[in-house]
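First to last, the protein sequences are chains A and B.
Just so you know, our numbering puts 8 at position 8 of the first sequence, and the rest follows in order with no gaps.
Just so you know, our numbering puts 73 at position 73 of the second sequence, and the rest follows in order with no gaps.
The beta carbon of each residue, even a glycine, is placed where N, CA and C say it ideally should be.
Below you'll find the structure, written out as structure tokens, and then a few comments.
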Amino acid sequence: MTRAVLALARRALRNVLRRPQFVAPLVVFPSLMLAANVGGLSRTTSLPGFPTDVHGFLDFQLAAAITQSLLLGGVSAGIAVALEIEGGFFDRLLAAPIPRIAIVLGRLAATSVIAVAQVAYFLALGLIFGAQIRAGIPGALLVAAIGALAGTGFGALGVMLALRARSASTVQGIFPLVFVVLFVSSAFFPRQLLQSPARQIARYNPLSYLADGMRDPIIHTVRATPVLDGFAAAAGIAAVAIALSVLALRGRLGDT
Amino acid sequence: MPPAIQAVGLEREFKGGVKAVAGIDIEVAAGEVYGFLGPNGAGKTTTVRMLVTLLRPTGGSATVAGFDVATRPADVRRQIGVALQEAALDPLMTGRELIELQATLHGIPPRQVAARGRELIERVGLANAQDRRVGTYSGGMRRRLDLAMALIHSPSVLFLDEPTTGLDPVSRVTLWDEVRRLKADGTTVFLTTQYLEEADQLADRLGIISGGLLVAEGTPSALKAEVGSPHLDVRLAGTDSLAAAREALGRFGLVRPTSDPCRVSVAVPDGASAIAPVVRALDDAGVLIASLDVVEPTLDDVFLAKTGERLADDAAAA
Chain A
1 MTRAVLALAR
11 RALRNVLRRP
21 QFVAPLVVFP
31 SLMLAANVGG
41 LSRTTSLPGF
51 PTDVHGFLDF
61 QLAAAITQSL
71 LLGGVSAGIA
81 VALEIEGGFF
91 DRLLAAPIPR
101 IAIVLGRLAA
111 TSVIAVAQVA
121 YFLALGLIFG
131 AQIRAGIPGA
141 LLVAAIGALA
151 GTGFGALGVM
161 LALRARSAST
171 VQGIFPLVFV
181 VLFVSSAFFP
191 RQLLQSPARQ
201 IARYNPLSYL
211 ADGMRDPIIH
221 TVRATPVLDG
231 FAAAAGIAAV
241 AIALSVLALR
251 GRLGDT
Chain B
1 MPPAIQAVGL
11 EREFKGGVKA
21 VAGIDIEVAA
31 GEVYGFLGPN
41 GAGKTTTVRM
51 LVTLLRPTGG
61 SATVAGFDVA
71 TRPADVRRQI
81 GVALQEAALD
91 PLMTGRELIE
101 LQATLHGIPP
111 RQVAARGREL
121 IERVGLANAQ
131 DRRVGTYSGG
141 MRRRLDLAMA
151 LIHSPSVLFL
161 DEPTTGLDPV
171 SRVTLWDEVR
181 RLKADGTTVF
191 LTTQYLEEAD
201 QLADRLGIIS
211 GGLLVAEGTP
221 SALKAEVGSP
231 HLDVRLAGTD
241 SLAAAREALG
251 RFGLVRPTSD
261 PCRVSVAVPD
271 GASAIAPVVR
281 ALDDAGVLIA
291 SLDVVEPTLD
301 DVFLAKTGER
311 LADDAAAA
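So this is what it looks like as structure tokens:
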């Protein structure tokens with residue numbers, strides 16, 4: 001099964017590179033949002049309640065941009081699978097003598113590699129424009145690890161939607177709802193600056209812990225609690241989403 | 001030798017109570033080319049999808065290469081090659097990448113993947129296009145690549161679902177040649193088609209499906225013989241000798257009525273061998289002949305007799 005997963009992951013990665021119209025939004029939209037936020041809202045750092053030890057608003061916003069990009073990676077994975085279903089290629093994979101879960105795992109393996117690249121892109125972008133990664137290379141590796149896990153989870157959500165909807169346009173239509181969840185998290189602003197009910201929602205929103213977990217090695221030296229919380233949130237999202245996508249695959253095989 | 005494919009009371013009912021396949025029995029011997037003929041929506045593809053384990057039967061049972069499709073689907077998939085309708089290929093990949101992926105998924109050892117891929121790409125005449133993305137391939141090239149991929153692991157049973165639909169005549173004939181070659185190699189081929197000529201040319205035996213039911217089965221010649229004997233279609237040089245022609249032809253068999261006053265049709269069980277005596281008889285009767293054709297019953301006649309509709313019109317519309 002490992003060989004099949006690796007072969008399918010390689011194919012998915014190659015196809016991502018060959019479809020620039022799918023890759024570009026993963027970085028372009030979050031980069032523009034990052035630029036707009038940093039350019040227009042940088043005085044947020046002066047607000048009472050904003051952490052005083054942050055080097056700059058760009059440093060703070062990097063985790064938000066990464067989270068946003070990873071969510072878009074999930075959409076992209078979902079659309080890719082939906083297109084395979086629509087075009088019949090998914091059936092070809094189902095007709096191959098491999099465990100069918102390998103089809104999902106191959107896609108998710110590719111998504112996790114792409115997630116690491118997305119994290120690397122935003123960290124590099126931040127460094128170019130003056131941000132600092134306080135925890136250094138180990139901190140960057142921690143961000144990449146949390147990002148890879150979260151990216152896998154978002155990819156699994158996209159795959160689950162694709163298997164249920166079987167239509168790329170439906171995936172494209174439904175997935176942005178996830179972004180609503182991002183805006184009621186502490187990804188863009190510290191939780192203490194949010195108003196009710198957003199503050200209460202953010203408290204229970206796993207994306208808050210995910211973004212905070214990736215942010216902490218950037219704005220501080222490595223601290224166990226937020227990083228572990230970030231890992232836990234990413235792992236939780238990944239575990240639930242992978243389970244849902246496997247159930248969706250079983251459902252599809254049962255229906256078809 | 002056990003049958004390569006066997007279905008007993010195979011059924012598939014979809015949500016909403018639509019029964020696409022309503023209980024069919026099929027038995028295909030090893031090495032046989034079995035043509036599965038029917039119009040759009042008859043249940044051909046649903047049957048194939050059940051046999052290749054892409055669709056669970058809701059009733060009956062089926063075995064392929066000796067394995068039950070419901071309880072041993074993985075074993076079935078190891079034994080079969082599948083070229084589904086519309087040649088579902090990834091347009092972003094090159095022919096070589098696709099065939100090598102297929103080889104990997106079918107467990108061909110890594111060291112043999114490239115060589116096996118190259119062998120099949122060459123066999124289907126795509127060596128010059130193997131490094132081009134499949135999105136740039138013509139319909140015929142895609143079908144040939146699809147076939148090569150289905151053959152990557154030398155399957156004992158090959159399913160071809162409408163492999164020539166939409167192809168130009170040259171590509172169609174190329175694919176037919178490949179099917180004949182596979183048969184010569186001993187591969188069992190389950191071929192669905194809506195083209196009568198294709199079924200006639202390739203199939204050892206035919207099953208005709210209509211409304212989810214198998215309405216006829218047999219060799220093409222036996223099925224055609226079931227619906228009647230060949231007949232001679234005689235076009236006369238003028239209408240004044242019609243009565244004499246009818247009288248002369250009446251000695252050979254049943255004279256069929258025609259709406260054309262210059263045409264007489266007579267059933268001739270011996271087919272073409274009846275031409276010479278018929279010409280002599282007409283000559284003796286002083287009848288001038290404009291043209292004369294031996295008309296064999298066609299599979300469309302079979303289809304009409306078995307289902308009450310013509311398949312040729314449906315296929316032409318497809």
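- For A:L163, the closest of A:T111, A:V104 and A:V27 by C-alpha to C-alpha distance is A:V104.
- Residue pairing by DSSP places B:R263 opposite B:R235 in a beta bridge.
- Look at B:L191 here: in three-state DSSP terms it is strand.
- One thing to note: A:S167 has its Cβ no nearer than 8 Å to the Cβ of A:A187.
- Around A:P197, no beta-carbon contact reaches into chain B at under 8 Å, the shortest distance being about 40 Å.
- Shown here, A:S69 sits in a helix according to DSSP, grouped into three states.
- B:Q79 sits close to B:V64, with the two beta carbons spaced by under 8 Å.
- Counted as a single uninterrupted DSSP element, the beta strand (DSSP E) harbouring B:K19 occupies residues K19 to V28.
- Contact check for B:L145 against B:V124 passes: the beta carbons are separated by less than 8 Å.
- Boundaries of the beta strand (DSSP E) around B:G218: L213 to G218.
- Sixteen is the threshold: when 16 or more other Cβ atoms of the shown chains lie within 10 Å of the Cβ of B:T45, as they do, the residue is buried.
- Counted as a single uninterrupted DSSP element, the stretch harbouring B:S138 is not any alpha helix (DSSP H), since DSSP gives it neither H nor E.
- Within chain B, no C-beta atom comes nearer than 7 Å to that of A:G251; the closest sits roughly 12 Å away.
- The region 50 to 89 of chain B contains, as complete beta strand (DSSP E) runs of 3+ residues, the segments 59 to 64 and 80 to 83 (chain order).
- The C-beta distance from A:S31 to A:L125 rounds to 7 Å, short enough to meet the 8 Å contact threshold.
- For B:A184, the closest alpha carbon among the candidates B:A267, B:I5 and B:E32 is that of B:E32.
- Contacts between B:R77 and chain A, judged by CB atoms closer than 7 Å, involve A95, A96 and P97 in chain order.
- Its chain contains I219 and H220 as the residues whose beta carbon lies nearer than 8 Å to that of A:D53, once the 5 sequence neighbours on both sides are disregarded; these appear in chain order.
- Here B:M149 is buried: its Cβ has 16 or more other Cβ atoms, across all protein chains shown, within 10 Å.
- From the beta-carbon of B:H106, the residues of chain A found nearer than 8 Å are A96 and P97.
- Less than 8 Å divides the Cβ of A:V5 from the Cβ of A:A102.
- For B:I5, the three-state secondary structure derived from DSSP is strand.
- By the 16-neighbour rule on beta-carbons within 10 angstroms, B:D270 is exposed.
- Here the alpha carbons of B:V8 and B:I26 stand approximately 7 Å from one another.
- For A:R223, the secondary structure class from DSSP, reduced to helix, strand or coil, is coil.
- Below 8 Å, enough C-beta pairs join the region 157 to 174 of chain B and the region 189 to 198 of chain B to call them touching: three or more.
- Under the Cβ criterion of 8 Å, B:A74 is counted among the residues facing chain A.
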